[in-house]
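J.: Per our numbering, the sequence shown starts with residue 3, numbered consecutively.
We treat Cβ as the ideally placed atom computed from N, Cα and C, and that holds for glycine.
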Amino acid sequence: MADTAVREQGGVVNLTHLPYEIDDGFGWRARIGLVVLATDHTIESEWKKLLDIDGVQIYHSRIENSNDITPASLKAMEKHITAEAAKIKAALPLNAIAYGCTSASMVIGEENVGALLNKAHPDANWTTPITAARVGLQTMGVKRIALLTPYIQEINEMLKSYIEARGIEVPVMGSFNEGSDDKAARITLDAVEDAAVKLGSYDQVDGVFVSCTSIRLAERVEAIEAKLGKPVTSSNHAIAWHALRQAGIDDKLEGKGRLFTM
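#1: List the residues that DSSP assigns as beta-bridge partners of Q59.
#2: Suppose the cutoff is 8 Å on Cβ atoms and the five residues either side in sequence are ignored; what does the same chain contact list for S75 look like?
#3: Among I60, K50 and A249, which residue has its Cα nearest to the Cα of V37?
#4: Going by the DSSP bridge assignment, what does L149 pair with across the sheet?
#5: Taking L53 and A242 to be in contact with their CB atoms under 8 Å, please state how far apart those CB atoms are, rounded to whole angstroms.
#6: Measure from the alpha carbon of K77 to the alpha carbon of each residue in A122, T190 and V115, then state which is nearest.
#7: Would you call the segment 143-150 and the segment 248-257 touching, i.e. three or more CB-CB distances under 8 Å?
#8: Okay, do the segment 92-108 and the segment 28-45 touch, 3+ Cβ pairs below 8 Å being the bar?
#9: Going by C-alpha distance, which of Q140, T129, D25 and N179 is nearest Q155?
#10: Do G138 and A240 count as a contact pair if the criterion is CB distance below 8 Å?
#11: Apart from the five residues just before and just after W30, which ones in its own chain have a Cβ nearer than 7 Å to its Cβ?
#12: Please check the pair I226 and V199, which I expect to be a contact at CB under 8 Å, by giving their CB distance rounded to whole angstroms.
#13: For R234 and I45, what's the separation of their Cα atoms in angstroms?
#14: Do you know offhand how far L39's Cα is from K81's?
#15: Can you name the residues that DSSP bridges to A100?
In structure tokens form, the structure reads like this:
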């Protein structure tokens with residue numbers, strides 16, 4: 003349609019129907035959705051650092067949850083997952099979508115979480131932190147992990163059993179035993195690094211997994227790997243990598259730990 007110039011009193015010019023073209027916007031390579039816990043302090047910041055890739059766009063939604071980390075509070079999120087994922091209304095379809103809670107994905111079930119995400123975004127490949135960790139550890143050839151968590155003992159035992167039932171041994175584990183998600187998110191990077199190095203130093207393990215999206219670790223992964231000579235990943239680190247791969251981006255990214263070069 004041709005331009006129309008409307009001249010108003012006082013010399014104001016109003017041009018309408020200006021010509022334009024449309025492209026794929028910021029997500030011209032990949033569009034990834036992320037359902038974040040309402041109490042989470044951490045995952046968005048770590049994803050921003052890990053997935054600062056031209057053409058890759060992240061869309062967030064937040065799901066209501068309890069600050070107290072218990073099996074019952076984790077299970078309670080199940081009924082909200084589809085609705086929160088549906089709030090991500092990117093004009094173009096998502097290539098991948100992730101649900102950002104490790105322990106809830108275990109309690110609800112990975113496949114159930116995936117089905118709930120796909121109700122909102124049928125064409126998107128899905129992932130969860132525990133799914134991503136399993137795939138990432140197996141990709142790096144890790145068979146026996148040191149498991150570090152912030153959780154209470156009941157969840158620790160559930161997680162250990164869950165991981166071992168899926169083919170990865172857990173001969174070494176340790177926990178901060180913190181029941182508050184808010185406090186877990188503020189455990190210092192130094193404390194997490196020290197604990198990861200301590201647990202990962204045991205000869206019985208060939209890798210380290212730090213569980214919980216509230217725990218900060220991503221910027222220290224490469225340093226910890228250098229100290230241990232073993233692969234290291236965390237919930238946020240693994241799910242960022244897996245979401246990227248699920249979205250069809252296979253770039254090898256240096257400086258982000260061994261997993262991102264796989």
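T.: In this structure, then:
#1: Position 57 of the sequence shown, counting from 1, holds the residue named residue 59. In DSSP, Q59 forms a bridge with R33.
#2: Locating residue 75 in the sequence shown gives position 73, where the first residue counts as 1. If we look at S75 and ignore the five residues flanking it on each side, its Cβ neighbours are N67 and S68.
#3: Numbered from its first residue, the sequence shown carries residue 37 at position 35. If we check each option's Cα against that of V37, I60 comes out closest.
#4: Against the sequence shown, residue 149 aligns to sequence position 147. M175 and F211.
#5: Counting from one through the sequence shown, the residue named residue 53 turns up at place 51. Counting from one through the sequence shown, the residue named residue 242 turns up at place 240. At roughly 6 Å, the Cβ-Cβ gap stays under 8 Å, so L53 and A242 are in contact.
#6: Position 75 of the sequence shown, counted from the first residue, corresponds to residue 77. Measuring from the Cα of K77, the nearest candidate turns out to be V115.
#7: no
#8: Three or more Cβ pairs drawn from the segment 92-108 and the segment 28-45 lie within less than 8 Å of each other, which places the two stretches in contact.
#9: For the purposes of this step, residue 155 is identified with residue 153 of the sequence shown, where counting begins at 1. Taking only the C-alpha atoms, the option nearest Q155 is N179.
#10: Taking the sequence shown and counting its residues from 1, the one referred to as residue 240 is at position 238. Taking the sequence shown and counting its residues from 1, the one referred to as residue 138 is at position 136. Going by C-beta atoms, A240 is nearer than 8 Å to G138.
#11: For this step, residue 30 is matched to residue 28 along the sequence shown. If we look at W30 and ignore the five residues flanking it on each side, its Cβ neighbours are G57.
#12: The residue you call residue 226 lines up with position 224 of the sequence shown. The residue you call residue 199 lines up with position 197 of the sequence shown. 6 Å between Cβ atoms; contact.
#13: Locating residue 234 in the sequence shown gives position 232, counting from the first residue. Locating residue 45 in the sequence shown gives position 43, counting from the first residue. Per the sequence shown, residue 234 should be read as Val rather than Arg. One C-alpha to the other measures close to 17 Å.
#14: As a first step, residue 39 must be located in the sequence shown, where it is residue number 37. As a first step, residue 81 must be located in the sequence shown, where it is residue number 79. Cα to Cα, the separation comes out at about 14 Å.
#15: Working through the sequence shown from its first residue, we reach residue 100 at position 98. Note: A100 sits in a beta bridge opposite L36 and T129.
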